[in-house]
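A short write-up of the structure that comes next.
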Amino acid sequence: MDNASPSLLDHSVPTEITGAGSRAVERFARFLSGFVLRLLIFCFVIVLCAVLSRMMPGDTLEVMLSTDFARGLGAGEVLQLQEAMGLGGGIASQVWDYWGKLLSGDLGYSIPHAAPVLQLLLTALPWTGLLILGAMPVFLIGGALAGIEAGQLPGGTVDRWVTPVVTILASLPPFTGAVLLLLLFGILWPVLPTGGAEPLFPSTEHLGRAMGVLRHAILPMLALALHELARFYFLARAETLNLAQRDFIVNARARGISPWRLRWAYIGRSLVPACLSRLSDTLTGLVSAVFFVEIVFSYPGTGYLIYSAILDRDYDLLQGAVVFMAGVVLLMNWLIDGLSAHLARRG
Amino acid sequence: MQVTSRRRLLLAAVILLCLGIWLAGAGGLLEYHSSKEVLAPPGQGHWLGTNEIGQDVLTGLILATPTTLALAIATALVTVSLAVGAASLVVFGGPFLSALVLRCVDILQVVPTMLLLLLIAALVSPGFMALFFLLVLTGWSDDVRVAAAVLRREALRENVQYPRVMGAGWVYCWRWHLFAALRPLLGALMVQNIRQAALKSAGLAFLGLTDPRLLTWGSMMQSAMDQLYTDAWIWLLLPPAALLSLLLHTTLTLGDRRLRSGAVLGPAV
Numbered sequence: 012m013d014n015a016s017p018s019l020l021d022h023s024v025p026t027e028i029t030g031a032g033s034r035a036v037e038r039f040a041r042f043l044s045g046f047v048l049r050l051l052i053f054c055f056v057i058v059l060c061a062v063l064s065r066m067m068p069g070d071t072l073e074v075m076l077s078t079d080f081a082r083g084l085g086a087g088e089v090l091q092l093q094e095a096m097g098l099g100g101g102i103a104s105q106v107w108d109y110w111g112k113l114l115s116g117d118l119g120y121s122i123p124h125a126a127p128v129l130q131l132l133l134t135a136l137p138w139t140g141l142l143i144l145g146a147m148p149v150f151l152i153g154g155a156l157a158g159i160e161a162g163q164l165p166g167g168t169v170d171r172w173v174t175p176v177v178t179i180l181a182s183l184p185p186f187t188g189a190v191l192l193l194l195l196f197g198i199l200w201p202v203l204p205t206g207g208a209e210p211l212f213p214s215t216e217h218l219g220r221a222m223g224v225l226r227h228a229i230l231p232m233l234a235l236a237l238h239e240l241a242r243f244y245f246l247a248r249a250e251t252l253n254l255a256q257r258d259f260i261v262n263a264r265a266r267g268i269s270p271w272r273l274r275w276a277y278i279g280r281s282l283v284p285a286c287l288s289r290l291s292d293t294l295t296g297l298v299s300a301v302f303f304v305e306i307v308f309s310y311p312g313t314g315y316l317i318y319s320a321i322l323d324r325d326y327d328l329l330q331g332a333v334v335f336m337a338g339v340v341l342l343m344n345w346l347i348d349g350l351s352a353h354l355a356r357r358g
Numbered sequence: 210m211q212v213t214s215r216r217r218l219l220l221a222a223v224i225l226l227c228l229g230i231w232l233a234g235a236g237g238l239l240e241y242h243s244s245k246e247v248l249a250p251p252g253q254g255h256w257l258g259t260n261e262i263g264q265d266v267l268t269g270l271i272l273a274t275p276t277t278l279a280l281a282i283a284t285a286l287v288t289v290s291l292a293v294g295a296a297s298l299v300v301f302g303g304p305f306l307s308a309l310v311l312r313c314v315d316i317l318q319v320v321p322t323m324l325l326l327l328l329i330a331a332l333v334s335p336g337f338m339a340l341f342f343l344l345v346l347t348g349w350s351d352d353v354r355v356a357a358a359v360l361r362r363e364a365l366r367e368n369v370q371y372p373r374v375m376g377a378g379w380v381y382c383w384r385w386h387l388f389a390a391l392r393p394l395l396g397a398l399m400v401q402n403i404r405q406a407a408l409k410s411a412g413l414a415f416l417g418l419t420d421p422r423l424l425t426w427g428s429m430m431q432s433a434m435d436q437l438y439t440d441a442w443i444w445l446l447l448p449p450a451a452l453l454s455l456l457l458h459t460t461l462t463l464g465d466r467r468l469r470s471g472a473v474l475g476p477a478v
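So the sequence lines, in the order shown, correspond to chains X and S. First residue of the first sequence? That's 12 in the working numbering, and the numbers climb one at a time after it. First residue of the second sequence? That's 210 in the working numbering, and the numbers climb one at a time after it.
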């Protein structure tokens, strides 16, 4: 090889010795810059929430005054209430006050629920987490396994039967799927509870209570999993179709390794980075799908809380919930992004 | 070629159908008024039954069709146009504009848009135009990177480079070379965006957050939810749900098969 043309060796030696550290620093810097970007977006969401809700015609107090809350209130009391609710002064000072409260961990107070917003959200969040965490293995493992089966033998029995079914599932909006499940297993054939997260009188024993919670979570989890299943099925199927032509798979097949090892150790592991990055892409979608599912099943998670805030015109709760959920989503999104970038680098 | 002409025919048929329904609605041929026949099951008088205030479900479905479809198609059209415009800025706009657009796209892609949509919709109860505006605002950023990648690839081809060397401007090259090369992608993106817009608008309508006067399949499903424990769900809930699923299924199968690997599904509502 002549000296003028760049060779692979020319390139690899310096990176072996000096480049590894700087690349690690670069990766860390990228990870941090992702955090800064999300922090800026979070600030933007806070400002948007604070400004939007105050720019709309009528404020929370006016909505309250149009109801029974207003009975017997004098003009002075109204002004006092306005000040107490942070609705006095101009928009800029209101937004500034809101920021100050947020920094001290105060998301506001929900009058219809008679409780601080943060406390309501912290009570509701575990229920939403339970649904997402419960549905995740179903759509991730179920979708991936079915996709691998279909992708290994395109046009085969599994592919011919499963792909059309999954295509139909993908055509159902999350709320339609949830309503159909509710109708089928809650109303027409009432084997599972139709709403709530626990029985009216929960068992006092731990095991009994856990069983009650599980029974109530089955239908919402299934609705969420069915909706997301299609996404991971199509991804796993497409990736398996590509992987099947890669040398290491062809070689493994030729060596006659067991079909399960091929699925699990060869194809399955190679799918992990793709599935994780897709999960990061769809995290916000997952959160909004869980809203619909919670609303249909009256499940007391954050989605149902937000919906009840909308129905009650409880703007403090609505605003606090949006800010809080945006923070949670951005944080999860950042962590999954970092993890999937790390796994993709390992190959 | 055959597939393209079939798609054109389908699109023309859909537009004609919508126009026909609109004219029928405006001319008073189709009236969606309440009557004393409340929650009547499907029969001779009302082929798909009536709802809780005696409105004919079939008439409602027919009248809701152009609104639902027009909202989805108009949103997709504007969203894709904006995405391609932004992609052109990324590819041809120089380093500053390119970085600016890409950072905006980055930001919009991690913003939990459905949360913002919920907040805004709860505050303003959007009608047709406001909903269209909201959907465009939250949807245009998804396709910029895909369009920019294809545009960058096509801009390097000989059929573009040659006229460039001969003195042709980018507008000429866009009109006569790049647009033709982008057309298959634009078709796929349009279908994908129609799906997304239909899903999002139906979702907001299902939650009862859109203007109550805006009749869509989603809003019909929302009003049918009160009848889940009576037999009326069969004729109140199933028809709009079936039509919505049919629209989503059609867009899924019309879309490029390669996009079906999951990208076409996009984020859930």
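Note that beta-carbon positions come from the ideal geometry of N, C-alpha and C, so glycine has one too. Just so it is clear, the structure is predicted and the values come from calculations on it, not from any experiment.
Answer with buried or exposed for T174/X, where buried requires no fewer than 16 other C-beta atoms within 10 angstroms of its C-beta.
Numbered from its first residue, the first sequence carries residue 174/X at position 163. With 16 or more other Cβ atoms within 10 Å, it is buried.
Secondary structure of S104/X, DSSP reduced to three states:
In the first sequence, the residue the question calls residue 104/X occupies position 93. Helix, per DSSP.
L218/X burial status per 10 Å Cβ neighbour count (16 or more: buried)
On the first sequence, position 207 is the one that residue 218/X refers to. So L218/X counts as exposed.
What is the DSSP secondary structure of T259/S, reduced to helix, strand or coil?
By one-based count along the second sequence, residue 259/S stands at place 50. If DSSP states are grouped into helix, strand and coil, T259/S belongs with the strands.
I321/X at chain S interface by Cβ criterion, 8 Å
As a working note, residue 321/X is residue 310 in the first sequence. I321/X counts as touching chain S.
When DSSP builds the beta bridges, which residues end up paired with P127/X?
Within the first sequence, the letter at position 116 stands for residue 127/X. BP columns for P127/X point to Y120/X.
Leaving out the 5 sequence neighbours to the left and right, which residues in its chain are closer than 6 Å to G331/X when beta-carbon positions are compared?
Taking the first residue of the first sequence as position 1, residue 331/X is located at position 320. The answer, listed in chain order, is L118, G119 and V128.
Using a Cβ-Cβ cut-off of 8 Å, state whether F46/X counts as contacting chain S.
Against the first sequence, residue 46/X aligns to sequence position 35. Not one chain S Cβ lies under 8 Å of F46/X.
Determine which residues of the stretch 322-336 of chain S have a Cβ less than 8 Å from any Cβ of chain X, and write them out in chain order.
T322, M323, L324, L325, L327, L328, I329, A331, L332 and V333
For a cutoff of 8 Å on Cβ pairs, would you count L273/X as touching chain S?
Walking along the first sequence from the start, residue 273/X turns up at place 262. At a cut-off of 8 Å between beta carbons, L273/X makes no contact with chain S.
Whole-angstrom C-beta distance between L203/X and R226/X, which should lie under 8 Å
Here residue 226/X corresponds to residue number 215 of the first sequence, with the count starting at 1. Here residue 203/X corresponds to residue number 192 of the first sequence, with the count starting at 1. Between L203/X and R226/X the Cβ distance is about 6 Å, and since that is below 8 Å, they are a contact.
Close Cβ partners of V478/S (< 6 Å) along its chain, the five nearest in sequence each way excluded
Along the second sequence, read from residue 1 onward, the residue named residue 478/S stands at position 269. Only weak support is given to the placement of V478/S: the predicted model assigns it a pLDDT of 49, under 50, and the question is left unresolved by the model.
Thinking C-beta only, is W138/X closer than 8 Å to Y244/X?
Against the first sequence, residue 244/X aligns to sequence position 233. Against the first sequence, residue 138/X aligns to sequence position 127. No Cβ-Cβ contact shorter than 8 Å links Y244/X with W138/X.
Starting from the N-terminal side, write out each stretch of the alpha helix (DSSP H) that is 4 residues or longer and does not extend beyond the stretch 402-476 of chain S.
Qualifying alpha helix (DSSP H) stretches, in chain order: 426-433, 442-445 and 447-463.
Find out if the Cβ-Cβ distance for the pair T293/X, V340/X is shorter than 8 Å.
On the first sequence, position 282 is the one that residue 293/X refers to. On the first sequence, position 329 is the one that residue 340/X refers to. Contact flag unset, no.
Could you pull the DSSP bridge partners for D265/S from this structure?
The residue you call residue 265/S lines up with position 56 of the second sequence. D265/S is bridged to T259/S.
Length of the line joining the Cα atoms of M147/X and A236/X:
In the first sequence, residue 147/X corresponds to position 136, counting from 1. In the first sequence, residue 236/X corresponds to position 225, counting from 1. Going from the Cα of M147/X to the Cα of A236/X covers about 7 Å.
Give every residue of the same chain whose Cβ lies closer than 7 Å to the Cβ of A161/X, excluding the five residues on either side of it in the sequence, and list them in chain order.
Position 150 of the first sequence, counted from the first residue, corresponds to residue 161/X. Around A161/X: V169, D170, V173, T174 and R248.
Mind pulling the chain X residues with CB within less than 9 Å of I316/S?
In the second sequence, residue 316/S corresponds to position 107, counting from 1. Those are L48, L51, I52 and F55, listed as they occur along chain X.
Taking the straight line between their C-alpha atoms, what separation do you get for A279/S and L453/S?
In the second sequence, residue 279/S corresponds to position 70, counting from 1. In the second sequence, residue 453/S corresponds to position 244, counting from 1. So the two alpha carbons sit approximately 14 Å from each other.
Using a Cβ-Cβ distance cut-off of 8 Å, determine whether V400/S contacts chain C.
Looking for chain C here will not work: the only protein chains present are X and S.
Can you tell me whether A377/S is helix, strand or coil according to DSSP?
Translated into the one-based positions of the second sequence, residue 377/S becomes position 168. Here A377/S sits in coil by DSSP.
Could you give the C-beta distance for L328/S and V333/X, rounded to a whole number, given that I count them as a contact under 8 Å?
Position 119 of the second sequence, counted from the first residue, corresponds to residue 328/S. Position 322 of the first sequence, counted from the first residue, corresponds to residue 333/X. About 5 Å separates the beta carbons of L328/S and V333/X, which is inside the 8 Å limit, making them a contact pair.
By the 8 Å beta-carbon criterion, what residues does the stretch 167-184 of chain X contribute toward chain S?
T178, I179, A181, S182, L183 and P184
Give the secondary structure of V24/X by DSSP, where H, G and I count as helix, E and B as strand, and everything else as coil.
Numbered from 1 along the first sequence, position 13 holds the residue referred to as residue 24/X. In this prediction, V24/X scores a pLDDT of 45, lower than 50, which makes its location untrustworthy; the coordinate-derived value is nonetheless stated afterwards. Collapsing the DSSP output to three states places V24/X in a helix.
Other residues of its chain near G234/S: CB distance less than 7 Å, five sequence neighbours each side excluded
Within the second sequence, numbered from 1, the residue matching residue 234/S stands at position 25. Correct list, in chain order: L272.
What three-state label does DSSP hand S275/S in the structure shown?
Counting from one through the second sequence, the residue named residue 275/S turns up at place 66. Before going further, note that residue 275/S is Pro rather than Ser in the sequence given. It is helical.
From the beta carbon of M222/X, is the nearest beta carbon of chain S less than 8 Å away?
For the purposes of this step, residue 222/X is taken as the residue at position 211 of the first sequence. Taking Cβ atoms only, chain S never reaches closer than 8 Å to M222/X, which makes this a no.
Could you list the residues in the stretch 323-348 of chain X with a C-beta less than 7 Å from some C-beta on chain S, going in chain order?
L329, V333, M336, A337, V340, L341 and N344
Answer yes or no: does any C-beta atom of chain S fall closer than 8 Å to that of Y109/X?
Along the first sequence, one-based indexing puts residue 109/X at 98. By this cut-off, Y109/X is not an interface position.
Would you report the Cα separation of L230/X and F337/S, rounded to the nearest angstrom?
If you number the first sequence from 1, residue 230/X lands on position 219. If you number the second sequence from 1, residue 337/S lands on position 128. Their backbone Cα atoms lie some 34 Å apart in a straight line.
For a test of the three-state rule: what should DSSP assign to A208/X, helix, strand or coil?
For this step, residue 208/X is matched to residue 197 along the first sequence. Coil.
For the alpha helix (DSSP H) holding E305/X, just list the boundary residues, first then last.
Here the question's residue 305/X lines up with position 294 in the first sequence. Where E305/X is concerned, the enclosing alpha helix (DSSP H) stretches over L294 to V307.
So is S454/S in contact with chain X if we call contact Cβ pairs under 8 Å?
Here residue 454/S is taken as the residue at index 245 of the second sequence, counted from 1. Yes, contact with chain X.
State the DSSP-derived secondary structure class of P213/X, mapped to helix, strand or coil.
Numbered from 1 along the first sequence, position 202 holds the residue referred to as residue 213/X. Coil, per DSSP.
Report the CB separation of I403/S from A281/S in whole angstroms; it is logged as a contact under 8 Å.
Numbered from its first residue, the second sequence carries residue 403/S at position 194. Numbered from its first residue, the second sequence carries residue 281/S at position 72. Right, the Cβ-Cβ distance comes to about 5 Å (below 8 Å), so this counts as a contact.
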